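> Take this structure, written in structure tokens, and hold onto it; I'll ask about it next.
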Amino acid sequence: MSGGMKMYGKHRLPGRLFIVEGIDGSGKSTQLMLLQKWLVSEGYVTSFSEWNSSPLVRDVTKRGKKKQMLTPMTFSLIHATDFADRIEHGIIPPLKAGAVVLADRYIYTAFARDVVRGVSPKWVRDLYAFAVKPTVAFYFRTPLDVAMKRILGGRDAIKYYEAGMDIGLSDDIEESFRLFQSRIIDEYEKMVDEFGLVAIDATRSIEEQQTEVRKIVSEALTGTKKSKVRRWLDLASLAKGSRK
Ligand SMILES: Nc1ncnc2c1ncn2[C@@H]1O[C@H](COP(=O)(O)OP(=O)(O)OP(=O)(O)O)[C@@H](O)[C@H]1O
Ligand SMILES: [Mg+2]
């Protein structure tokens, strides 16, 4: 087995991987959910994966966060462990089966956050070298004030880590959020060229963005299989139609 862990770098798996990135409140989850609904209605087999969701390390991270005892590097390693588990169990198998995998945040989230927290850009990129390259990586480009308005409109408070309070930018949580997230934006902007992220103007309406996203996705879906159930449904509705 040549290449070891890097074997999936440029994957030749039959499925497709679409991922969304952007700061908190940029509208990633909204767009991904709409994309999934559309893909399902088009008959594709989809699978969904979320950043930081594996039960394996969720509890560890939670406890570490509470006690505020994690250094940026341990934080980074824990997330990478979580991601390794997720990619092996939740991303590679559906890609092998030819499914369309949708991921809400991906390795670029780690690259942005960990670098802002002081980890070396090269170190964190090497750490995630085993990751599958996405078919398309969307970046929802949003100015800070637009994102903040959306977040504050939708829920009560900014969370401690979301505001980067652990790195001591400011004692004021809103000010810290501004400083932290604008540094995250700087990192994302650098990655647009570095990784070919597809930037979407996320200040526009939900519908306008979704139209653009679907157009890009449908171009990348050529040759992707649809579910048998769907084909059966199509045949069934055809048969029904012919009976009229
Ligand atoms: N284009 C848009 N215009 C106005 N409001 C939007 C738009 N897109 C999303 N929203 C709203 O903004 C809020 C945040 O959106 P969403 O949860 O999709 O963001 P997110 O990028 O997933 O954030 P997080 O990183 O915190 O998960 C939601 O209340 C959503 O309804
Ligand atoms: Mg979200």
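Under the working numbering, think of the first position of the sequence shown as 720, with each following residue one higher.
Beta carbons: idealized from backbone N, C-alpha and C, even for Gly.
This one's a predicted model, so the numbers in the text were calculated from it and none came from an experiment.
Residue range of the beta strand (DSSP E) that T941 falls in?
Unbroken run through T941: none, as it is neither H nor E.
> With DSSP collapsed to three states, give me the class of S901.
Correct three-state label for S901: helix.
> Could you name the residues that DSSP lists as bridge partners for L736?
In the DSSP output, where bridge partners are listed per residue, L736 has V820.
> Which same chain residues, not among the five before or five after V759, have their C-beta less than 8 Å away from its C-beta?
Excluding residues within five positions, the ones whose Cβ falls inside 8 Å are T765.
> May I have the straight-line CA-CA distance separating D905 from V843, to the nearest angstrom?
Those two C-alpha atoms are separated by around 17 Å.
> Using 6 Å as the cut-off, classify the Cβ of T749 as near or not near the heavy atoms of ligand 1, replying yes or no.
Because some heavy atom of ligand 1 lies under 6 Å away, the Cβ of T749 counts as near it: yes.
> Is the segment 795-812 close to the segment 748-763, with three or more CB pairs under 8 Å?
Taking 8 Å as the limit for Cβ pairs, the verdict is that the segment 748-763 does not touch the segment 795-812.
> Does ligand 1 have even one heavy atom less than 6 Å from the beta-carbon of D920?
False, no ligand heavy atom lies under 6 Å from that Cβ.
> DSSP three-state label for L802, please.
Note on residue identity: the sequence assigns Phe, not Leu, to residue 802. Looking at F802 - three-state DSSP - the assignment turns out to be helix.
> Please report the Cβ distance between V855 and V917, rounded to the nearest whole angstrom; I am assuming they are in contact, meaning their Cβ atoms lie under 8 Å.
V855 to V917, Cβ: 6 Å. Contact.
> Would you check if the distance between the CB atom of V851 and the CB atom of R735 is smaller than 7 Å?
Not a contact, by the Cβ cut-off of 7 Å.
> Check whether the Cβ atoms of P853 and I738 lie closer than 7 Å to each other.
For P853 and I738, yes; Cβs fall inside 7 Å.
> What residues in its chain sit with their C-beta under 6 Å from that of G809, if we drop five residues either side in the sequence?
Taken in chain order, the residues that qualify are S768.
> Let me check understanding here. Comparing Cα to Cα, which of V936, L754, Q928 and S795 lies closest to V835?
Comparing Cα positions, the closest option is S795.
> When DSSP labels each residue in this structure, what does T793 get in the three-state scheme?
Correct three-state label for T793: helix.
> Quick one: Cα of S946 to Cα of E761, how far?
Cα to Cα, S946 sits roughly 9 Å from E761.
> For I877, which three-state DSSP category applies?
Coil.
> Thinking C-alpha only, which one of I742, K934, L732 and P733 is nearest Y858?
Looking at the Cα atoms, I742 is the closest of the given residues.
> Just to confirm my understanding: we take Q755, look at its own chain, exclude 5 residues before and 5 after, and list those with CB closer than 8 Å. What are they?
Answer for Q755: T765, F767 and L821, listed in chain order.
> Compute the Euclidean distance between the alpha carbons of G837 and P791, then round it to the nearest angstrom.
Straight-line Cα distance between these residues: approximately 7 Å.
> Can you find the residues in the same chain that come closer than 6 Å, C-beta to C-beta, to A831, ignoring five residues on each side of it along the sequence?
Excluding residues within five positions, the ones whose Cβ falls inside 6 Å are I903, E906 and Y907.
> Please state whether the Cβ-Cβ distance between S895 and S889 is less than 7 Å.
The answer is yes: Cβ separation under 7 Å.
> Ligand 1 and R869: does any heavy atom of the ligand fall closer than 6 Å to the residue's C-beta?
True, at least one ligand heavy atom lies under 6 Å from that Cβ.
> Among G744, M752, W757 and L814, which has the Cα closest to the Cα of L732?
Answer by Cα proximity: L814.
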